[in-house]
Structure formats: C-alpha cells, structure tokens
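Heads up, the thing below is written out as structure tokens.
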Amino acid sequence: MKATGVRRRVRPMSLADIPQVEEIEREAFPTSWPPSAFQHELRFNRIARYLVAVEEAEDAPSVEPPAAGGLGRVLVGLRRALASTDGPAERVLGYLGLWLPADEAHIVSIAVRASHRRQGVGELLLLAGLELARQEGRTLATLECRVSNHAAQALYDKYGFRRVGLRPRYYSDNLEDAYVMALEGLDTPAVARRLAELRGRYRERWGEADLQVGV
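Note that the numbering used here has the sequence shown beginning at 2, numbered continuously upward.
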C-alpha cells in the first residue's frame, strides 16, 4: 500500500540526531553491548558515513506569513520560538551506518523504529546507502546478517547481494552465526539499471522519497 501524506527523506546524520538514533538502536539491538559511539563515528571516523531516514513530525509548526505591522511580526516570532521548544521538527525513523575502506562499502548497521517496521524504511535506507557508495566510487558492498534474519536476507537478495561466507558465533549476545553477503559491480551500468528499477518499484509502493546523500 502506498503511503500518503508523509514526507520522508534520507540525509546525512547530524550530531543533533544522536538522541533519537540511540533510541532506535536500543529498540533494535537491546542485548548489544557496548552501544555504538555515534558521536565519535561522526566526528573522527574518516571512513564512516551515517544516514538517517526522517519524516516531518505531524505537529511540526506551520510557517505563518508575517502579520502586518511591527507587533504582528513580533507575535509570529514568539509563536515560532515557543513551537521550536516542543521537540524536533523531524522524526528519525531509522539509520544506516556505512564504512568506506579502499574500494569497498561495508554496511555496519541498519535499524528502524519498531513503530515503522515493514513500511519500507529499511529498504529506503538500503537504497540510499548503495547510492552513496556508488557516488563515492566504491565497486563492492558488503554486510553481515544473522542466519536467522530471513526478512533481512530477503531484502538483500532482492538487491542482488550473495552469500559469500559465514562468520561462526559472530554475534556476542547469543553467539549466532552471520552470513557475509556481498554485492559486486556497484560501478557497472547493470547495477545502476537494477537500482533505478528497484527505486521505481519502491516509489510505486511507498511513494516518493528524497535521497539527499550527495558527496
């Protein structure tokens, strides 16, 4: 079913997003320890790129035209200032972490709010991450995935990832194995056409979304 009335976009994560991103991480990975050091990743890890999928909050303040006269402009300014203290105008729905060593793009994490799962957010983040990797000139995308996470594997299969290895006892919380999955040829016309086709299908199902991932 296509979503209506919701404005979604993917953009680079900022330091201001970290509190919401940490909430999502706790929801998605409650047994993982230690938690991710997002501030360090954003400020100091030169090969890291983090993206967030956001939507404008339903109660985001509307932009009012200035009323005539000086008093009217003052009142509008006060309303805007008070509204800005209510909370962020954008709600972070999910995030994706990408490392870019050499010619590879390694997806280190992807997570979505529990309230927004199965609504295309994870796929939107994957689309954006692969587009960013292509813009950065990478030729290979890799990731690890729990062997029991069949839903995630189905998404990665859809985008052309193949199982190329197995990491035994990879996850520290329950010592579950991980598949190593890879998508080769990111820089080829064939993969570009495939991603364009999948983005068109995404648009038909979930509606338009902005990918603001330019390097």
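Beta carbons: idealized from backbone N, C-alpha and C, even for Gly.
None of these values were measured; they are calculated from a predicted model.
Inter-residue CB distance, residue i and residue j (contact presumed, cutoff 8 Å)
i, j, result
"G95", "I25", "6 Å"
"E185", "L156", "Incorrect: roughly 18 Å between the Cβ atoms, too far for contact."
"S37", "D174", "14 Å between Cβ atoms; not a contact."
"I111", "L131", "Not really, about 12 Å apart at Cβ, beyond 8 Å."
"G161", "R195", "6 Å"
Counted within 10 angstroms of its Cβ, other Cβ atoms place residue i as buried (16 or more) or exposed
i, result
"T143", "buried"
"G121", "buried"
"G138", "exposed"
"L176", "exposed"
"R163", "exposed"
"E205", "exposed"
"S15", "exposed"
"R9", "buried"
"A103", "exposed"
Coil, strand or helix - residue i by DSSP
i, result
"A17", "helix"
"E24", "helix"
"Y139", "A small fix is needed here, since residue 139 is Arg in this sequence, not Tyr. Coil, per DSSP."
"R200", "helix"
"G166", "strand"
"P186", "For the sequence presented, residue 186 should be read as Gly rather than Pro. Reduced to three states, the DSSP call for G186 is coil."
"E177", "coil"
"L83", "Any reading at L83 is ruled out, since the residue's pLDDT is 39, under 50, leaving its predicted position unreliable."
CB contact flag (residue i, residue j, <8 Å)
i, j, result
"D178", "V148", "yes"
"L133", "L43", "no"
"V55", "V93", "yes"
"A193", "V11", "no"
"L245", "R135", "Lying outside 2 to 216, the shown extent of the chain, residue 245 is not represented and no answer is given."
"A17", "E57", "no"
"F45", "V22", "no"
"C146", "A152", "no"
"E28", "A115", "yes"
query = Does the segment 164 to 173 come close enough to the segment 187 to 202 that 3 or more CB-CB pairs lie under 8 Å?
reply = no
ask   = Any contact of the segment 116 to 125 with the segment 183 to 190, i.e. 3+ C-beta pairs under 8 Å?
value = no
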